[in-house]
């Protein structure tokens with residue numbers, strides 16, 4: 054099984070990296086870019102086949118460790 | 027007073043902390059390795075600066091799970107004094123011992139310079155000896171020092187007098203231009219509700235001797251020592 058986790062900064066947190074990347078894209082000639090948010094992507098390879106148990110365990114890991122709920126949101130997919 | 031200075035893999039301000047406490051201020055100070063599970067007879071704990079675990083995942087995110095942090099949490103729960111400096115502040119917020127979080131500096135640059143701190147309240151074991159109205163000249167050296175907390179947390183910090191230091195100008199004015207990293211409310215350091223755990227991004231251990239350009243930082247350690255000595259007197263009475 055593979056877990057795919059995307060971690061993004063919360064909207065309330067200023068994202069200067071995102072703004073800088075957006076400015077750079079505009080300077081390169083890309084148009085119509087409203088906003089860029091820079092986050093993190095994790096892939097976790099797991100033993101076993103029980104998706105539900107894995108999801109519960111990883112949700113807890115995401116909430117307690119892999120993301121910081123004060124400043125980040127996360128999305129977890131298991132395939 | 028016995029000070030314990032934690033060491034995580036890639037802490038790098040632990041030696042400066044020991045030097046300031048032991049050699050400059052004359053109090054016993056010892057290193058405590060992150061794998062130790064006891065703080066011994068420590069009266070206060072310093073969580074030092076550095077890049078613990080390479081700042082991997084997030085600054086302080088891995089260090090907060092070190093075995094020694096269980097002992098620190100227990101120590102703090104029992105009212106012990108804990109001061110987190112720079113990466114130490116980050117570790118304490120990740121551990122939930124202080125509210126909020128430290129994120130990337132607003133201008134995305136690493137800032138290594140002297141700044142000035144306004145002491146917002148003398149009412150804490152970390153600020154009680156700081157001369158009233160005196161801006162403290164202390165160096166910063168960080169890339170992720172921007173203090174963030176949501177609106178309700180900021181309201182609570184103000185209401186409970188938990189903001190200990192704000193970035194200010196040399197004349198003590200709290201302004202945007204005096205803010206090196208975009209921290210909300212110019213917050214440089216805070217304490218918990220109980221007022222026994224504090225954290226700040228600037229380095230008082232690097233401003234404890236005139237040779238280093240300022241010895242304003244030693245007021246923070248002197249405050250902790252005075253607070254601890256008052257406790258000893260109170261207990262003996």
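Protein chains in written order, with this note's numbering: chain C, 54 to 132; chain A, 27 to 263.
We treat Cβ as the ideally placed atom computed from N, Cα and C, and that holds for glycine.
Report the option in C:73, C:58, C:64 whose CA atom is closest to the CA atom of residue 135 of chain A. Translated into the one-based positions of the second chain, residue 135 of chain A becomes position 109. Ranking C:73, C:58, C:64 by CA distance to the CA of residue 135 of chain A puts C:73 first.
I need the DSSP call for residue 91 of chain C, collapsed to helix, strand or coil. Position 38 of the first chain, counted from the first residue, corresponds to residue 91 of chain C. Residue 91 of chain C sits in coil when the DSSP states are folded into three classes, being neither helix nor strand.
Distance, residue 90 of chain C Cα to residue 74 of chain A Cα: By 1-based counting over the second chain, the position of residue 74 of chain A is 48. By 1-based counting over the first chain, the position of residue 90 of chain C is 37. Each residue's alpha carbon lies about 31 Å from the other.
Should residue 70 of chain C be flagged as near chain A, meaning a C-beta pair shorter than 8 Å? Taking the first chain and counting its residues from 1, the one referred to as residue 70 of chain C is at position 17. Any Cβ of chain A closer than 8 Å to the Cβ of residue 70 of chain C would place that residue at the interface, and such an atom is present.
When DSSP labels each residue in this structure, what does residue 35 of chain A get in the three-state scheme? Your numbering for residue 35 of chain A matches position 9 in the second chain. Shown here, residue 35 of chain A sits in coil according to DSSP, grouped into three states, outside any helix or strand.
Measuring only the C-alpha atoms, how far is residue 51 of chain A from residue 121 of chain A? In the second chain, the residue the question calls residue 51 of chain A occupies position 25. In the second chain, the residue the question calls residue 121 of chain A occupies position 95. Whole-angstrom Cα-Cα distance: 29 Å.
Going along chain C, which residues have a C-beta under 9 Å from residue 215 of chain A? Here residue 215 of chain A refers to the residue found at position 189 of the second chain. Neighbours of residue 215 of chain A in chain C, taken as residues at a C-beta separation under 9 Å, are lacking, since the least C-beta distance is about 17 Å.
Between the region 34 to 41 of chain A and the region 147 to 154 of chain A, can you find at least three pairs of beta-carbon atoms closer than 8 Å? Too few Cβ pairs lie closer than 8 Å, so no.
Based on Cα-Cα distance, which residue from A:67, A:257, A:170, A:99 lies nearest to residue 82 of chain A? Locating residue 82 of chain A in the second chain gives position 56, counting from the first residue. Residue A:170 is the option with its Cα nearest to residue 82 of chain A.
Can you have a look at residue 236 of chain A and say buried or exposed, based on whether 16 or more other CB atoms are within 10 angstroms of its CB? Stepping through the second chain from its first residue, residue 236 of chain A is reached at position 210. Looking at its Cβ environment, which holds fewer than 16 other Cβ atoms inside 10 Å, residue 236 of chain A is exposed.
So with CB distances below 9 Å, who are the chain C contacts of residue 176 of chain A? As a first step, residue 176 of chain A is located in the second chain; it is residue number 150 there, counting from the start. Simply 63, 65, 123.
Collapsed DSSP secondary structure at residue 57 of chain A in the structure displayed: Position 31 of the second chain, counting from 1, holds the residue named residue 57 of chain A. When secondary structure is reduced to three states using DSSP, residue 57 of chain A falls in the strand class.
Does the beta carbon of residue 127 of chain A come closer than 8 Å to any beta carbon on chain C? For this step, residue 127 of chain A is matched to residue 101 along the second chain. Chain C, which has a Cβ nearer than 8 Å to the Cβ of residue 127 of chain A, makes this yes.
Give me, in chain order, the residues of the same chain whose beta-carbon lies closer than 8 Å to that of residue 130 of chain A; leave out the 5 immediate sequence neighbours on both sides. On the second chain, position 104 is the one that residue 130 of chain A refers to. Hits under 8 Å: 169, 170, 172.
Pop quiz: residue 215 of chain A and residue 227 of chain A are said to be a contact at Cβ under 8 Å. What is the actual Cβ separation, rounded to whole angstroms? Position 189 of the second chain, counted from the first residue, corresponds to residue 215 of chain A. Position 201 of the second chain, counted from the first residue, corresponds to residue 227 of chain A. The Cβ separation is near 7 Å, so the contact holds.
Pair within 8 Å by beta-carbon distance, residue 130 of chain C and residue 63 of chain C: Translated into positions along the first chain, residue 130 of chain C becomes position 77. Translated into positions along the first chain, residue 63 of chain C becomes position 10. No, these two residues do not count as a Cβ contact at 8 Å.
Contact list for residue 120 of chain A against chain C, beta-carbon separation under 8 Å: Start at 1 with the first residue of the second chain, and residue 120 of chain A comes out as number 94. Listed along the chain, the chain C residues whose CB falls inside 8 Å of the CB of residue 120 of chain A are 121.
Along the chain, where does the beta strand (DSSP E) that runs through residue 140 of chain A open and close? For the purposes of this step, residue 140 of chain A is taken as the residue at position 114 of the second chain. In the DSSP assignment, residue 140 of chain A falls within the unbroken beta strand (DSSP E) covering 137 to 145.
So for residue 192 of chain A, helix, strand or coil by DSSP? The count along the second chain starts at 1 and reaches residue 192 of chain A at position 166. DSSP places residue 192 of chain A in strand when its eight states are reduced to three.
Under 7 Å by beta carbon: chain A residues contacting residue 73 of chain C: The sequence position of residue 73 of chain C within the first chain is 20, counting from 1. The answer, in chain order, is 134.
Check for me: the beta strand (DSSP E) holding residue 118 of chain A runs from which residue to which? Stepping through the second chain from its first residue, residue 118 of chain A is reached at position 92. Unbroken run through residue 118 of chain A is the alpha helix (DSSP H), 113 to 120; no beta strand (DSSP E).
Can you have a look at residue 110 of chain A and say buried or exposed, based on whether 16 or more other CB atoms are within 10 angstroms of its CB? Taking the first residue of the second chain as position 1, residue 110 of chain A is located at position 84. Per the 10 Å Cβ criterion, buried.
Report the partner residues of residue 173 of chain A according to the DSSP bridge assignment. Residue numbering aside, residue 173 of chain A sits at position 147 when the second chain is read from its first letter. Bridge partners of residue 173 of chain A: A:128.
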